[in-house]
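Numbering (the numbering used here), first residue to last: 97 to 377. Each residue gets a CB set at the ideal place from its N, CA and C atoms; glycine is no exception. As the structure is a computational prediction, the values presented were derived from the model and not from experiment.
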Ligand SMILES: [Zn+2]
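Here it is in structure tokens:
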């Protein structure tokens, strides 16, 4: 465990880029073998805006990375943050609690707030207006959203008090986890369900991409499914009934255009249509 954390403490940017590229490539190929939805789309054409927004996300994170370092250093020097106030524990447990709490504050809470605050929803919307969710959707975030998420991550690092090695480990795991749960892959239902007790599985996250409420406002988890299950935001919906997108933004041309998406947060707020009745099982 110590060597893992030491590695991530000084992980070169080139290795982080490699994780990103290998992850997308792996799931992209897997989507060709076991697709969930037989999309009638041009895969590269669809990927274009998503890769553009992945790129802007990298730029934002790269430009602000020094703040993460400074914050993690501050917590180490001052012994500040939840994890430093807990009693002495084995390193693996320390790392696990660190990852879980970063996931709660920097990702789950960020995501939930983005759905509940109208102004933020208009920014996060860009992630949801993809009509063909696949592994490239994972980082389809408007640059403003990349900044908002960065602030939450920063607050997470401060409150949790995680050393930079665990922060970088978290970010790398998060990258692969989101590529995985957005991937258009069909896993055996049972395996998906078993996985969804620990991490956010592909079927679990797809529910969140259904075009209508209440499903859009469920399953906010990033890596761990614990938070949705704990806070009652976990929902199930049959994967064959899911329709991707957002009910109030049905314009497929705008939703596939970089320019259209860059401007999307500046549309007037559109109230969602009436929620669907819940499908209980
Ligand atoms: Zn969302």
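#### Entry: Cβ shell of residue 171 (< 6 Å), same chain only, five flanking positions each side left out
177, 257
### Query
If you draw a straight line from the alpha carbon of residue 182 to that of residue 254, how long is it in whole angstroms?
Each residue's alpha carbon lies about 15 Å from the other.
### Message
For residue 278, tell me which candidate among 101, 113, 131, 115 has the shortest Cα-Cα distance.
### Response
131
### Residue range of the alpha helix (DSSP H) that includes residue 186
Taken as a continuous stretch (DSSP letters only), residue 186 belongs to no alpha helix (DSSP H), as it is neither H nor E.
### Task
Between the Cα of residue 275 and those of 124, 300, 227, 356, spot the shortest distance and give me the residue it belongs to.
124
### Query
Cβ of residue 303 within 7 Å of Cβ of residue 333?
It is a contact, given that the beta carbons lie within the stated cut-off.
### Query
Is the distance from the Cβ of residue 260 to the Cβ of residue 168 below 7 Å?
yes
### Message
Could you give the first and the last residue of the continuous alpha helix (DSSP H) run that contains residue 360?
### Response
Where residue 360 is concerned, there is no enclosing alpha helix (DSSP H), given that its DSSP letter is neither H nor E.
### Query
Three-state secondary structure (DSSP) at residue 295?
In this structure, residue 295 counts as strand in the three-state DSSP scheme.
### Query
Any idea what DSSP makes of residue 238, helix, strand or coil?
coil
### Task
Evaluate residue 336 with the Cβ neighbour count: other Cβ atoms within 10 Å of its Cβ, from every protein chain shown; 16 or more gives buried, anything less gives exposed.
exposed
### Message
Using the Cβ count rule (16 or more neighbours within 10 Å means buried), how would you classify residue 262?
### Response
buried
### Query
Since residue 100 is in the alpha helix (DSSP H), which residue starts that stretch and which ends it?
98-105
### Task
Mind checking who residue 320 pairs with in its DSSP beta bridge?
According to DSSP, which records beta bridges pairwise, residue 320 is partnered with 295.
### Query
What's the gap between the Cα of residue 359 and the Cα of residue 152?
15 Å
### Coil, strand or helix - residue 338 by DSSP
coil
### Query
residue 238 and residue 213: beta carbons closer than 7 Å?
no
### Query
Can you name the start and end residues of the alpha helix (DSSP H) that residue 211 belongs to?
206-212
### Message
Comparing C-alpha positions only, which one of 217, 163, 186 sits nearest to residue 368?
### Response
217
### Query
Is the distance from the Cβ of residue 194 to the Cβ of residue 249 below 7 Å?
no
### Task
Could you check what DSSP says for residue 306 in three-state terms: helix, strand or coil?
strand
### Task
Rank 352, 161, 340, 186 by C-alpha distance to the C-alpha of residue 109 and give the top, closest one.
161
### Task
Measure the alpha-carbon distance for residue 208 versus residue 247 and round it to whole angstroms.
14 Å
### Query
What first and last residue would you give for the alpha helix (DSSP H) that runs through residue 283?
From DSSP, residue 283 is part of no alpha helix (DSSP H); its letter is neither H nor E.
### Message
Among 265, 293, 345, whose alpha-carbon lies nearest the alpha-carbon of residue 365?
### Response
Checking every option, the nearest Cα to that of residue 365 belongs to 345.
### Query
What number of angstroms, rounded off, separates the C-alpha of residue 134 from the C-alpha of residue 281?
Distance between the alpha carbons of residue 134 and residue 281: 10 Å.
### Query
Hey, is residue 173's beta-carbon within less than 7 Å of any beta-carbon in chain C?
Note that chain C does not occur in the displayed structure, where there is just one protein chain.
### Task
Return helix, strand or coil for residue 145, following the three-state DSSP convention.
helix
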